[in-house]
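*Asks:* Before we start, here is the structure in question, set down as C-alpha coordinates.
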Amino acid sequence: MATKRKTVRKKKPTKKNQVQVPFPVVLANVLVMVAVLGLSYMWLCSRCDALGKEIKNKERELRSANKRLTHEQDRWSSITSPVNLERAIKKYRLNMTMPKGNQVVKISNWDGQAGTAKVEHR
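Numbered per our numbering, the sequence shown spans residues 1364 to 1485.
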(Lines of atoms letter the chains of each structure in order from A and count residues from 1; the text may use other names and numbers.)
(Lines give C-alpha, C1' and ligand atoms only; values in the text may rest on other atoms or scores of the structure.)
Protein backbone atom coordinates (compact mmCIF):
# COMPACT_ATOMS: atom_id res chain seq x y z
CA MET A 1 0.00 0.00 0.00
CA ALA A 2 1.01 3.38 -0.71
CA THR A 3 1.53 5.63 2.15
CA LYS A 4 0.43 9.17 2.00
CA ARG A 5 3.07 11.73 2.25
CA LYS A 6 2.55 14.69 4.40
CA THR A 7 3.22 17.97 2.72
CA VAL A 8 5.52 20.11 4.64
CA ARG A 9 4.71 23.79 4.59
CA LYS A 10 7.54 26.15 4.32
CA LYS A 11 7.65 28.86 6.90
CA LYS A 12 7.52 32.41 5.61
CA PRO A 13 10.52 34.47 6.50
CA THR A 14 9.85 36.98 9.21
CA LYS A 15 10.35 40.63 8.49
CA LYS A 16 12.36 41.49 11.49
CA ASN A 17 14.86 43.58 9.62
CA GLN A 18 12.26 45.58 7.60
CA VAL A 19 10.88 48.81 8.98
CA GLN A 20 7.17 49.37 8.35
CA VAL A 21 6.03 52.96 7.94
CA PRO A 22 2.55 53.37 9.37
CA PHE A 23 -0.05 54.92 7.04
CA PRO A 24 -0.33 58.60 7.96
CA VAL A 25 -4.01 58.75 8.90
CA VAL A 26 -3.71 62.25 10.29
CA LEU A 27 -2.15 63.50 7.07
CA ALA A 28 -4.86 61.85 4.99
CA ASN A 29 -7.58 63.45 7.15
CA VAL A 30 -5.93 66.86 6.82
CA LEU A 31 -5.72 66.51 3.03
CA VAL A 32 -9.39 65.50 2.81
CA MET A 33 -10.38 68.47 4.96
CA VAL A 34 -8.32 70.85 2.81
CA ALA A 35 -9.97 69.47 -0.34
CA VAL A 36 -13.46 69.80 1.17
CA LEU A 37 -12.79 73.35 2.34
CA GLY A 38 -11.35 74.29 -1.06
CA LEU A 39 -14.36 72.95 -2.91
CA SER A 40 -16.73 74.66 -0.47
CA TYR A 41 -14.91 77.96 -0.93
CA MET A 42 -15.10 77.67 -4.72
CA TRP A 43 -18.83 76.82 -4.58
CA LEU A 44 -19.52 79.79 -2.30
CA CYS A 45 -17.60 82.13 -4.62
CA SER A 46 -19.52 80.97 -7.68
CA ARG A 47 -22.83 81.23 -5.80
CA CYS A 48 -21.94 84.75 -4.66
CA ASP A 49 -21.12 85.77 -8.25
CA ALA A 50 -24.41 84.32 -9.50
CA LEU A 51 -26.38 86.17 -6.83
CA GLY A 52 -24.55 89.40 -7.68
CA LYS A 53 -25.52 89.07 -11.35
CA GLU A 54 -29.12 88.33 -10.35
CA ILE A 55 -29.21 91.42 -8.12
CA LYS A 56 -27.87 93.58 -10.96
CA ASN A 57 -30.57 92.26 -13.30
CA LYS A 58 -33.30 92.94 -10.73
CA GLU A 59 -31.97 96.47 -10.14
CA ARG A 60 -31.98 97.08 -13.90
CA GLU A 61 -35.60 95.88 -14.09
CA LEU A 62 -36.52 98.15 -11.16
CA ARG A 63 -34.92 101.19 -12.81
CA SER A 64 -36.79 100.42 -16.03
CA ALA A 65 -40.09 100.05 -14.17
CA ASN A 66 -39.51 103.34 -12.32
CA LYS A 67 -38.82 105.11 -15.62
CA ARG A 68 -42.03 103.68 -17.10
CA LEU A 69 -43.93 104.72 -13.96
CA THR A 70 -42.75 108.34 -14.10
CA HIS A 71 -43.47 108.44 -17.83
CA GLU A 72 -47.03 107.14 -17.33
CA GLN A 73 -47.62 109.49 -14.38
CA ASP A 74 -46.52 112.48 -16.48
CA ARG A 75 -48.70 111.32 -19.36
CA TRP A 76 -51.71 110.83 -17.06
CA SER A 77 -51.28 114.23 -15.43
CA SER A 78 -51.07 115.91 -18.84
CA ILE A 79 -54.18 114.05 -20.07
CA THR A 80 -56.21 115.01 -16.97
CA SER A 81 -55.11 118.62 -16.86
CA PRO A 82 -58.02 121.11 -17.01
CA VAL A 83 -56.89 122.48 -20.40
CA ASN A 84 -56.81 119.03 -21.99
CA LEU A 85 -60.13 118.04 -20.40
CA GLU A 86 -61.79 121.14 -21.86
CA ARG A 87 -60.20 120.39 -25.22
CA ALA A 88 -61.56 116.80 -25.11
CA ILE A 89 -65.03 118.07 -24.13
CA LYS A 90 -65.08 120.41 -27.14
CA LYS A 91 -63.63 117.75 -29.47
CA TYR A 92 -66.28 115.16 -28.65
CA ARG A 93 -69.06 117.81 -28.34
CA LEU A 94 -70.02 116.88 -24.81
CA ASN A 95 -72.46 119.22 -23.11
CA MET A 96 -71.10 119.16 -19.58
CA THR A 97 -71.84 121.60 -16.79
CA MET A 98 -71.03 121.74 -13.11
CA PRO A 99 -73.49 119.74 -10.95
CA LYS A 100 -76.20 121.47 -8.99
CA GLY A 101 -76.14 121.42 -5.21
CA ASN A 102 -78.85 118.75 -4.94
CA GLN A 103 -76.95 116.47 -7.36
CA VAL A 104 -73.90 116.25 -5.11
CA VAL A 105 -73.78 113.27 -2.74
CA LYS A 106 -71.51 113.63 0.23
CA ILE A 107 -70.49 110.48 2.09
CA SER A 108 -69.57 110.75 5.73
CA ASN A 109 -69.28 108.49 8.77
CA TRP A 110 -68.01 105.40 6.97
CA ASP A 111 -68.64 102.24 8.98
CA GLY A 112 -65.93 99.84 7.83
CA GLN A 113 -67.29 96.76 9.62
CA ALA A 114 -70.82 97.05 8.27
CA GLY A 115 -69.66 98.37 4.92
CA THR A 116 -72.18 101.23 5.02
CA ALA A 117 -72.01 104.99 5.04
CA LYS A 118 -74.31 107.75 6.09
CA VAL A 119 -75.32 109.80 3.04
CA GLU A 120 -76.10 113.47 3.32
CA HIS A 121 -78.00 115.15 0.46
CA ARG A 122 -77.54 118.83 -0.09
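Where is the CB? At the ideal position from N, CA and C, for every residue including glycine.
All of these numbers come straight from a predicted model, not from anything done at the bench.
What ranges does the alpha helix (DSSP H) occupy inside the stretch 1420-1484, keeping only unbroken runs of at least 4 residues that lie completely in it?
*Replies:* Taking only runs of at least 4 residues, the alpha helix (DSSP H) segments lying wholly in the stretch 1420-1484 are 1445-1454.
*Asks:* Helix or strand or just coil, what does DSSP make of R1372?
*Replies:* In the structure shown, R1372 sits in coil (DSSP, three-state: anything other than H, G, I, E or B).
*Asks:* Given a cut-off of 7 Å, decide if I1470 and M1459 are closer than it, judged by their beta-carbon atoms.
*Replies:* Contact: no.
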